[in-house]
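These protein sequence lines map, in sequence, to chains Z and B. Using the working numbering, the first residue of the first sequence is number 300, and each one after it goes up by one. Using the working numbering, the first residue of the second sequence is number 300, and each one after it goes up by one. Each remark here refers to the structure printed beneath this line.
Protein chains: 2
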Amino acid sequence: MRLGEGVEWTLHCCLTLGWLETDEPVSTAKLAATFDLPPAYLNKRLQTLVRAGVLSSTPGARGGFRLARPPEKITLMEIVAATEGAEYAFRCTEIRQKGAGAERPAHEFQRQCVITTAMRKAELAWRRELASQTLADMLAAAPVAAAERTRDWFDRVG
Amino acid sequence: MRLGEGVEWTLHCCLTLGWLETDEPVSTAKLAATFDLPPAYLNKRLQTLVRAGVLSSTPGARGGFRLARPPEKITLMEIVAATEGAEYAFRCTEIRQKGAGAERPAHEFQRQCVITTAMRKAELAWRRELASQTLADMLAAAPVAAAERTRDWFDRVG
DNA sequence: CCGAACCTGGACATGTAATATCCGGATTAT
DNA sequence: ATAATCCGGATATTACATGTCCAGGTTCGG
Numbered sequence: 300m301r302l303g304e305g306v307e308w309t310l311h312c313c314l315t316l317g318w319l320e321t322d323e324p325v326s327t328a329k330l331a332a333t334f335d336l337p338p339a340y341l342n343k344r345l346q347t348l349v350r351a352g353v354l355s356s357t358p359g360a361r362g363g364f365r366l367a368r369p370p371e372k373i374t375l376m377e378i379v380a381a382t383e384g385a386e387y388a389f390r391c392t393e394i395r396q397k398g399a400g401a402e403r404p405a406h407e408f409q410r411q412c413v414i415t416t417a418m419r420k421a422e423l424a425w426r427r428e429l430a431s432q433t434l435a436d437m438l439a440a441a442p443v444a445a446a447e448r449t450r451d452w453f454d455r456v457g
Numbered sequence: 300m301r302l303g304e305g306v307e308w309t310l311h312c313c314l315t316l317g318w319l320e321t322d323e324p325v326s327t328a329k330l331a332a333t334f335d336l337p338p339a340y341l342n343k344r345l346q347t348l349v350r351a352g353v354l355s356s357t358p359g360a361r362g363g364f365r366l367a368r369p370p371e372k373i374t375l376m377e378i379v380a381a382t383e384g385a386e387y388a389f390r391c392t393e394i395r396q397k398g399a400g401a402e403r404p405a406h407e408f409q410r411q412c413v414i415t416t417a418m419r420k421a422e423l424a425w426r427r428e429l430a431s432q433t434l435a436d437m438l439a440a441a442p443v444a445a446a447e448r449t450r451d452w453f454d455r456v457g
């Protein structure tokens with residue numbers, strides 16, 4: 300099981316947007332340069348965050364992205380779900396109904412199978428943990444130097 | 300993010316092995332027939348469980364697989380980790396050190412980045428949940444009818 | 001002792017999802 | 001008007017999971 304790199308990208312981008320105190324939108328090109336990422340593809344990921352309501356975008360010259368809400372109101376779960384999709388990692392394909400199970404009456408499969416239940420339970424724990432952490436928590440947890448360096452860099456590259 | 304189907308396969312196979320009270324090993328062919336799965340590939344996944352110490356295998360005619368330990372001593376985490384790999388789903392590639400970060404002194408990156416910390420925390424919650432559930436728990440949670448049907452079927456196919 | 005049933009592991013083929021690029025269209029600042 | 005920028009469709013590339021095949025060992029039963 301592996302999360303796409305896109306999650307790391309979008310999380311870092313949100314963190315960066317939180318550090319910049321300006322109200323100016325930040326372009327894909329600048330964010331891509333900040334982390335040395337492919338601009339066109341990063342833009343696609345940022346677009347999904349816009350559709351998810353995490354970021355807002357302004358078109359046109361001097362346009363770009365900014366947080367759609369204050370960092371206290373953005374959870375990591377939202378960012379991760381927007382980037383990776385909201386589906387469960389464990390997908391039950393009901394193999395219990397195949398093969399030997401095929402000859403059993405349908406009503407025996409009404410209840411969710413114990414495996415799915417167990418896996419769901421674990422995934423909910425994961426989601427709960429991500430939902431409990433906001434972008435503001437991360438901004439607070441990061442060393443102040445990191446935020447300053449970032450602001451400096453954005454000042455310099457304009 | 301998505302778990303491979305192999306996880307569903309191996310979990311169901313372990314559950315089945317737990318239901319059968321016999322001490323006889325069960326062949327890949329029979330397990331594959333039970334769930335209508337490709338035998339050769341299922342065999343590969345079972346092999347990884349053997350390497351992980353979850354199952355034990357007997358070669359030769361009338362050989363096959365059985366649980367390496369009593370179900371109380373096998374956690375879902377072990378089965379999942381054996382099948383999917385023990386690595387974290389979130390892989391930090393340290394993009395904070397690329398681009399803008401490249402000009403910063405190395406000592407600023409000693410501490411794990413806040414994003415990695417947060418993601419690890421969520422994953423540990425997931426793992427803890429899986430580790431807290433044993434195969435015995437699942438055997439107990441499943442309807443008795445399911446266990447009986449399985450035993451009947453294995454009796455019939457020999 | 002032989003053949004059939006089985007596991008083991010390597011090599012290889014296939015399929016699918018993530019990553020990445022490119023382009024045309026729309027919008028906005030200068 | 002021009003340049004900068006977002007948007008989204010089409011397409012290419014890559015990585016990984018899935019799946020097949022085969023040659024080499026074991027073990028059982030006759």
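The beta carbon of each residue, even a glycine, is placed where N, CA and C say it ideally should be.
Using a Cβ-Cβ cut-off of 8 Å, residue 321/Z does not count as an interface residue toward chain B, since no Cβ of chain B sits closer than that to its own. When DSSP states are grouped into helix, strand and coil, residue 419/B belongs to the helix group. With fewer than 16 other Cβ atoms from the protein chains shown falling within 10 Å of its own Cβ, residue 456/Z counts as exposed. For residue 350/Z, the enclosing alpha helix (DSSP H) starts and ends at 338-350. Proximity to residue 384/B across 344/B, 432/B and 326/B peaks at 344/B, based on C-alpha coordinates. With 16 or more neighbouring CB atoms inside 10 Å of its own CB, residue 326/Z falls in the buried class.
Counted as a single uninterrupted DSSP element, the beta strand (DSSP E) harbouring residue 354/Z occupies residues 354-357.
In this structure the segment 407-423 of chain Z touches the segment 429-447 of chain B; the number of beta carbon pairs closer than 8 Å is three or more. Residue burial annotation: residue 406/Z is exposed, with fewer than 16 other C-beta atoms found within 10 angstroms of its C-beta.
Between residue 368/B and the set 377/B, 452/B and 426/B, the nearest pair of CA atoms involves 377/B. Here residue 338/B has 327, 328 and 331 as same chain residues with Cβ atoms under 7 Å from its own Cβ, once five neighbours each way along the sequence are excluded. Residue 413/Z belongs to the set of residues whose beta carbon lies under 8 Å from a beta carbon in chain B.
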